[in-house]
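*Asks:* So the protein sequences, as listed, match chains V and S. Here the first sequence stands for residues 79 to 244, numbered as in the working numbering. Here the second sequence stands for residues 79 to 244, numbered as in the working numbering. Yeah, the Cβ is synthetic: ideal placement off N, Cα and C, and Gly gets one too. Questions regarding the structure given below will be posed in turn.
2 protein chains.
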Amino acid sequence: MADVTTSGEALLFLTDEQLRKGIEAMFFAYRGFTADPDRILADLEYGRAHHRALHFINRSQGTTVNNLLAVLGVTKQSLNRVLRTLIADGLVESRVGRKDRRERHLYLTARGAELERQLSEAQRARMRAAYRAAGPQAVAGFRQVLEAMMDETMRAQYHALKDGKS
Amino acid sequence: MADVTTSGEALLFLTDEQLRKGIEAMFFAYRGFTADPDRILADLEYGRAHHRALHFINRSQGTTVNNLLAVLGVTKQSLNRVLRTLIADGLVESRVGRKDRRERHLYLTARGAELERQLSEAQRARMRAAYRAAGPQAVAGFRQVLEAMMDETMRAQYHALKDGKS
DNA sequence: CAGTTTAAGTCAGCGTTGTTGACTTTCCAA
DNA sequence: TTGGAAAGTCAACAACGCTGACTTAAACTG
Chain V
79 MADVTTSGEA
89 LLFLTDEQLR
99 KGIEAMFFAY
109 RGFTADPDRI
119 LADLEYGRAH
129 HRALHFINRS
139 QGTTVNNLLA
149 VLGVTKQSLN
159 RVLRTLIADG
169 LVESRVGRKD
179 RRERHLYLTA
189 RGAELERQLS
199 EAQRARMRAA
209 YRAAGPQAVA
219 GFRQVLEAMM
229 DETMRAQYHA
239 LKDGKS
Chain S
79 MADVTTSGEA
89 LLFLTDEQLR
99 KGIEAMFFAY
109 RGFTADPDRI
119 LADLEYGRAH
129 HRALHFINRS
139 QGTTVNNLLA
149 VLGVTKQSLN
159 RVLRTLIADG
169 LVESRVGRKD
179 RRERHLYLTA
189 RGAELERQLS
199 EAQRARMRAA
209 YRAAGPQAVA
219 GFRQVLEAMM
229 DETMRAQYHA
239 LKDGKS
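Quick look at the structure:
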């Protein structure tokens with residue numbers, strides 16, 4: 079990696095104007111990022127919170143409610159409302175823990191997995207197009223900046239998920 | 079810039095696993111992105127919507143409600159509620175248009191500008207730290223990918239704002 | 001084994017911020 | 001001059017965050 083971080087250039091780069099551009103880029107891009115799944119969800123009377131739950135349950139099948147709470151960063155009351163509808167609608171299954179019977183382990187049903195796939199494919203399609211348009215080097219930079227922007231606890235979650243393959 | 083976009087590497091890069099990492103990076107990073115202003119706003123009994131309104135009014139002083147609607151991508155009823163409280167609290171001033179008296183032109187008051195500065199400085203500080211940590215080359219890639227991820231209409235807004243230096 | 005802690009879930013209630021529908025005021029063009 | 005379109009406002013509703021108080025069940029601990 080050619081390092082062009084001379085202090086002169088680096089300082090020049092961090093004008094308030096440059097930072098504002100980055101802030102607005104995040105704002106507009108995040109809208110695009112959520113737009114496609116949102117359209118699918120609207121028809122099903124679900125919201126973004128349902129998508130997030132499906133995503134992370136799929137990501138870590140058998141995760142507990144408590145784990146999910148930590149990843150999503152919401153209160154259990156808030157998550158519970160979402161989880162209850164997903165279970166009632168037969169998209170998520172909740173199994174009592176074998177070792178610790180207080181815990182509930184969460185799994186996607188076949189239908190839940192199908193919806194998750196549909197939602198994430200819409201999101202991946204956009205991400206794929208953006209990656210193709212920007213090129214691999216840009217993607218590496220994109221990921222570096224995003225990671226640097228996370229809170230420490232979120233970065234831990236991010237890396238924890240990175241490895242756990244199934 | 080050393081270009082490593084050979085078609086083999088580019089294809090290798092776009093596995094579903096790589097795309098999922100990008101999706102989760104966006105999710106976690108956006109939380110960090112909004113965390114600092116959110117803390118300030120919570121004390122003031124304002125929300126993220128107020129922050130966005132202040133940001134874009136500051137960005138384009140004298141803009142109309144309709145312009146703001148297009149940039150923010152919400153309904154006018156939704157924006158109106160936020161605007162009403164900001165006006166009532168003396169942070170925003172609404173002036174009847176001189177040419178077209180149906181229009182309202184929006185300006186920040188001194189107090190409004192002060193809050194906007196406080197909020198955006200918190201956000202800029204995080205962005206600045208992330209930029210410093212990742213380096214100028216990564217920042218360029220970050221901006222490229224974000225821009226490619228926007229909807230076409232949002233990209234137009236993004237570029238329109240880019241130039242207009244108050 | 002009694003007492004405490006932990007995991008999960010429920011109920012009630014509230015705030016922000018999206019939505020749609022109905023309305024007024026203002027402008028402009030047929 | 002009248003009728004439609006545009007700008008903005010008001011009312012009501014839904015999604016989804018939040019806090020607080022509580023229950024149930026299981027696990028741990030002294």
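Could you tell me whether the Cβ atoms of residue 158/S and residue 198/S are closer together than 9 Å?
*Replies:* Walking along the second sequence from the start, residue 158/S turns up at place 80. Walking along the second sequence from the start, residue 198/S turns up at place 120. It is not a contact, given that the beta carbons lie outside the stated cut-off.
*Asks:* Can you list the residues of chain S that residue 101/V reaches, using a CB-CB cut of under 9 Å?
*Replies:* Sequence index remark: in the first sequence, residue 101/V carries index 23 (1-based). Residues of chain S passing the Cβ test: 111, 133, 198, 201, 202 and 205.
*Asks:* What does residue 92/S reach in chain V if we use C-beta pairs closer than 8 Å?
*Replies:* Locating residue 92/S in the second sequence gives position 14, where the first residue counts as 1. Chain V residues near residue 92/S: 206, 209 and 210.
*Asks:* Would you call the stretch 176-193 of chain V and the stretch 196-216 of chain S in contact, with 3 or more CB pairs under 8 Å?
*Replies:* no
*Asks:* Is the separation between the beta-carbon of residue 119/S and that of residue 125/S shorter than 9 Å?
*Replies:* Sequence index remark: in the second sequence, residue 119/S carries index 41 (1-based). Sequence index remark: in the second sequence, residue 125/S carries index 47 (1-based). The answer is yes: Cβ separation under 9 Å.
*Asks:* Nearest to residue 236/V by CA position, among 169/S, 108/S and 215/S, is which residue?
*Replies:* Your numbering for residue 236/V matches position 158 in the first sequence. For residue 236/V, the nearest C-alpha among the options comes from 108/S.
*Asks:* At the 9 Å Cβ level, is residue 194/S part of the contact set with chain V, yes or no?
*Replies:* Working through the second sequence from its first residue, we reach residue 194/S at position 116. Residue contact check for residue 194/S against chain V: no CB pair falls below 9 Å.
*Asks:* Report, in whole angstroms, the separation of the C-beta atoms of residue 216/V and residue 219/S, which I expect to be a contact under 8 Å.
*Replies:* Within the first sequence, the letter at position 138 stands for residue 216/V. Within the second sequence, the letter at position 141 stands for residue 219/S. Sure, about 3 Å apart at Cβ, within 8 Å.
*Asks:* Is it the case that the Cβ atoms of residue 165/S and residue 172/S are separated by a distance below 9 Å?
*Replies:* Reading the second sequence from its first residue, position 87 is the one you call residue 165/S. Reading the second sequence from its first residue, position 94 is the one you call residue 172/S. In this structure, residue 172/S lies closer than 9 Å to residue 165/S by Cβ.
*Asks:* Considering only residues of the same chain and omitting the five flanking positions on each side of residue 175/S, which have a CB-CB separation below 8 Å?
*Replies:* For the purposes of this step, residue 175/S is taken as residue 97 along the second sequence, with counting starting at 1. Here the set comprises 142, 181, 182 and 183.
*Asks:* Report the start-end ranges of each beta strand (DSSP E) in the stretch 160-238 of chain V that is 3 residues or longer and not cut off at the edges.
*Replies:* 170-174 and 182-186
*Asks:* Exposed or buried, what is residue 117/V when buried is set at 16 or more other beta-carbons lying within 10 Å of its beta-carbon?
*Replies:* Position 39 of the first sequence, counted from the start, is the residue given in the question as residue 117/V. Result: exposed.
*Asks:* Straight-line CA distance for residue 149/V to residue 95/S?
*Replies:* Indexing the first sequence from 1 puts residue 149/V at position 71. Indexing the second sequence from 1 puts residue 95/S at position 17. When rounded, the distance between both Cα atoms is 19 Å.
*Asks:* Counting only Cβ pairs nearer than 7 Å, list the residues of chain S close to residue 97/V.
*Replies:* Along the first sequence, one-based indexing puts residue 97/V at 19. Close partners of residue 97/V in chain S (Cβ separation under 7 Å): 202, 205 and 206.
*Asks:* For residue 93/V, name the three-state secondary structure that DSSP assigns.
*Replies:* Numbered from its first residue, the first sequence carries residue 93/V at position 15. If DSSP states are grouped into helix, strand and coil, residue 93/V belongs with coil.
*Asks:* What did DSSP end up calling residue 141/S once you bin it into helix, strand or coil?
*Replies:* As a position in the second sequence, residue 141/S is number 63, starting the count at 1. In the structure shown, residue 141/S sits in a strand (DSSP, three-state: E or B).
*Asks:* Going by C-alpha to C-alpha distance, which of 230/V, 144/V and 130/V sits closest to residue 105/S?
*Replies:* Here residue 105/S is taken as the residue at index 27 of the second sequence, counted from 1. Out of 230/V, 144/V and 130/V, 130/V has the C-alpha closest to the C-alpha of residue 105/S.
*Asks:* Indicate whether residue 153/V and residue 170/V have their beta-carbon atoms separated by less than 9 Å.
*Replies:* As a first step, residue 153/V is located in the first sequence; it is residue number 75 there, counting from the start. As a first step, residue 170/V is located in the first sequence; it is residue number 92 there, counting from the start. For residue 153/V and residue 170/V, no; Cβs fall outside 9 Å.
*Asks:* In chain order, what are the residue ranges of uninterrupted alpha helix (DSSP H) at least 4 long that sit wholly in the stretch 91-132 of chain S?
*Replies:* 94-122
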